[in-house]
Amino acid sequence: MSLEVGLELVRAMLRDNGAWCRLEVEGAFAVHVGWDQYLCIGSFRPCEEALARTRALGLFPERLDSSPYEMETDDTEVQRPGDDEFWAVLHRSVDACRAGLLEEMYVEGASRWHRLTRDTVDTVRTGLAPRARLAVWPGLSCDVDAVIGSLPAEGLVEGVWQDEDGRIHSAVADEEEFPELAARMSGAEAAALLSVYADERVPLFTAVMPDDDGVVRARWRTDPTPADRNWALLKSLRPGGTVTGTVTRIADFGVTFVDIGGLEAMINVPELSWRPVAHPSDIVSVGQEVDAEILDVDPVREHVALSLKALHEDPMLLLAGQIGRTVVGRVTKLVPFGVFVRVEESENGFEGLVHDSELADEHLETSRSGIRVGDPMPVRILDVDPVRRRIALSHRQAVPGS
602 MSLEVGLELV RAMLRDNGAW CRLEVEGAFA VHVGWDQYLC IGSFRPCEEA
652 LARTRALGLF PERLDSSPYE METDDTEVQR PGDDEFWAVL HRSVDACRAG
702 LLEEMYVEGA SRWHRLTRDT VDTVRTGLAP RARLAVWPGL SCDVDAVIGS
752 LPAEGLVEGV WQDEDGRIHS AVADEEEFPE LAARMSGAEA AALLSVYADE
802 RVPLFTAVMP DDDGVVRARW RTDPTPADRN WALLKSLRPG GTVTGTVTRI
852 ADFGVTFVDI GGLEAMINVP ELSWRPVAHP SDIVSVGQEV DAEILDVDPV
902 REHVALSLKA LHEDPMLLLA GQIGRTVVGR VTKLVPFGVF VRVEESENGF
952 EGLVHDSELA DEHLETSRSG IRVGDPMPVR ILDVDPVRRR IALSHRQAVP
1002 GS
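Structure representation (structure tokens):
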């Protein structure tokens, strides 16, 4: 920025209730103004002339080893970039009516508000300030009277409202100023009240706008929300990796949900076991800790697909080594084109198909006459296809003289 703009920003910071911001040329020069309105100027270059001019103005410069307002950053802290993925998530949230308001903080203490619809999200994005800090909130309510009626008995709140011309306004007020705030909001098209207390002021999710090359260079940080922490977890997951989690619930439609660090991942029924599963509760139970392989990560939908069976060898591969062997199994069901026979002793053992053409002659004469579910039947294993999960059997070839 130009020197004139920089000086105007410093003047704004020094005013009562002025905006707070930091001006820095990395490794060369910095201007910090703290909450107490002390001005800290730092440089790695000699500053004798600047010190002399400061004293000539009647001011008293004090040498410090470092700025008391130096920003401390934690490289492990969550910092979400306002990249294409972030805007895809925002689009999805707006379409689902979860999000409808964007707070743009372009300097500390100064912000702009933008109402979001599916038609305005992209337009809002193009007008944001470089390196702006973003917070996404639920939409404004059209029931303005109800919003005004929800003003607390005391405390601080921030009112946000849209006037009839489409402009967004905001104001912070305490109980003495509530009547004035209510009067200002009374003619609004839509409005909302937000807490100003840090532990209560939690947006849906946050981000910091990157530069044109996609790199986030803004030194300030947003306070991470649960959704931001989920995003950070999603970015750390890769298909093929493994996670440990706790089963939280088993849905009626059969999907098992697993907590993997604050984020719920899903295991579909076919991924619970290599063997047939009647219901997920036959394999897992709520509260159980499980290890699973990551199949897929969708950061936009915030979905993670897991597999329990992927961490275990497919037992059907062992059957592939028994092709040509004759075993005695139990008939499990009759179908128009043959019968199914369980070739393993366990209740969830693998089943194979004995096609009509592979039944013995005495059964074919009267359309599988005499065969009942539960009957033992000698069969020969003809083929095992682990990919298609199919086993071909023959009763005819297992019975001498057929």
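Residue numbers for the sequence shown follow this note's numbering, so the first one is 602 and each next one is one higher.
Glycine included, C-beta positions come from ideal geometry on N, C-alpha and C.
Predicted model only: the values in this text are computed from it and were never measured.
In whole angstroms, what separates the C-alpha of Ser968 from that of Leu935? Per-residue confidence for Ser968 stands at a pLDDT of 48, beneath the threshold of 50, marking its modelled position as unreliable; the derived number appears in the next sentence. One C-alpha to the other measures close to 11 Å.
Are the beta-carbon atoms of Ala808 and Arg681 separated by less than 7 Å? yes
Report, in whole angstroms, the separation of the C-beta atoms of Met810 and Pro871, which I expect to be a contact under 8 Å. About 42 Å separates the two Cβ atoms, so there is no contact after all.
Between Leu835 and the rest of its own chain, which residues show a CB-CB distance below 8 Å, the 5 nearest in sequence each way excluded? Leu864, Val898, Pro900, Glu903, Val905
What is the residue span of the beta strand (DSSP E) that Gly750 lies within? Not the beta strand (DSSP E): Gly750 falls in the alpha helix (DSSP H), residues 745-750.
Spell out the partners DSSP gives Val634 in its beta bridges. Leu640
Neighbourhood of Arg768 by C-beta, 7 Å cutoff - its chain only, sequence neighbours within 5 removed: none
By DSSP's criteria, Ser742 is part of a beta bridge. Which residues make up the other side? Ala792
Bridge partners for Leu735 per DSSP, in chain order? Glu705, Ala808
Please list, in chain order, all residues of the same chain as Phe630 whose beta carbon is under 6 Å from its beta carbon, the five residues on each side excluded. Ser644
For Arg973, the three-state DSSP class (helix, strand or coil): coil
According to DSSP, residues forming a beta bridge with Pro979: Val929
Looking at the unbroken alpha helix (DSSP H) that takes in Asp720, where does it start and where does it end? Here Asp720 belongs to no alpha helix (DSSP H), and DSSP marks it neither H nor E.
Any chance the segment 853-863 sits against the segment 713-723, with 3 or more Cβ pairs inside 8 Å? no
So is Thr724 buried or exposed if we call it buried at 16+ other beta carbons inside 10 Å? exposed
To the nearest whole angstrom, what separates the beta carbons of Met917 and Val985, a pair I think is in contact under 8 Å? 6 Å
Can Asn1023 and Val856 be called in contact, C-beta distance under 7 Å? As displayed, the chain neither begins before 602 nor continues past 1003, which places residue 1023 out of reach and without an answer.
In whole angstroms, give me the CA-to-CA distance for Pro881 and Ser787. 54 Å
By Cβ distance, which residues of its chain are closer than 7 Å to Asp892, with the 5 residues on each side in sequence left out? Thr843, Thr845, Leu912
Are the C-beta of Phe854 and some C-beta of chain B separated by less than 7 Å? Although the question refers to chain B, the structure presented lacks it and comprises just one protein chain.
In terms of DSSP beta bridges, what is Gly939 paired with? Val936, His956
Report the CB separation of Ser751 from Val761 in whole angstroms; it is logged as a contact under 8 Å. That belief does not hold up - the Cβ atoms of Ser751 and Val761 are roughly 13 Å apart, past 8 Å.
Determine the contact status of Val722 and His692, defining contact as a CB-CB distance below 7 Å. yes
Take Val708 as the anchor and find which of Leu795, Thr823, Ala833 has the nearest alpha-carbon. Thr823
State yes or no: is the C-beta of Arg839 within less than 7 Å of the C-beta of Val679? no
Nearest to Leu909 by alpha carbon, out of Leu703, Glu649, Asn949, Ala866? Ala866
DSSP state of Gln889, grouped into three classes? coil
Do Asp976 and Val932 have their C-beta atoms closer together than 7 Å? yes
Strictly by DSSP, which residues pair up with Ile992? Val985
Leaving out five residues before and five after Val803 in sequence, what residues of the same chain have Cβ atoms less than 7 Å from its Cβ? Thr826
What is the DSSP secondary structure of Pro682, reduced to helix, strand or coil? strand
Near Ala819, what residues of its chain come up, given a Cβ to Cβ distance below 6 Å and the 5 sequence neighbours on each side ignored? Arg732, Val809
If you draw a straight line from the C-alpha of Ala999 to the C-alpha of Leu954, how long is it? 14 Å
I want to check one thing, is the minimum distance from the CB of Gln998 to the heavy atoms of the ligand SAM below 6 Å? Ligands in the displayed structure: none, and consequently the ligand SAM is not present.
Ala657 in three-state terms, based on DSSP: helix
First and last residue of the uninterrupted beta strand (DSSP E) at Glu865: 865-868
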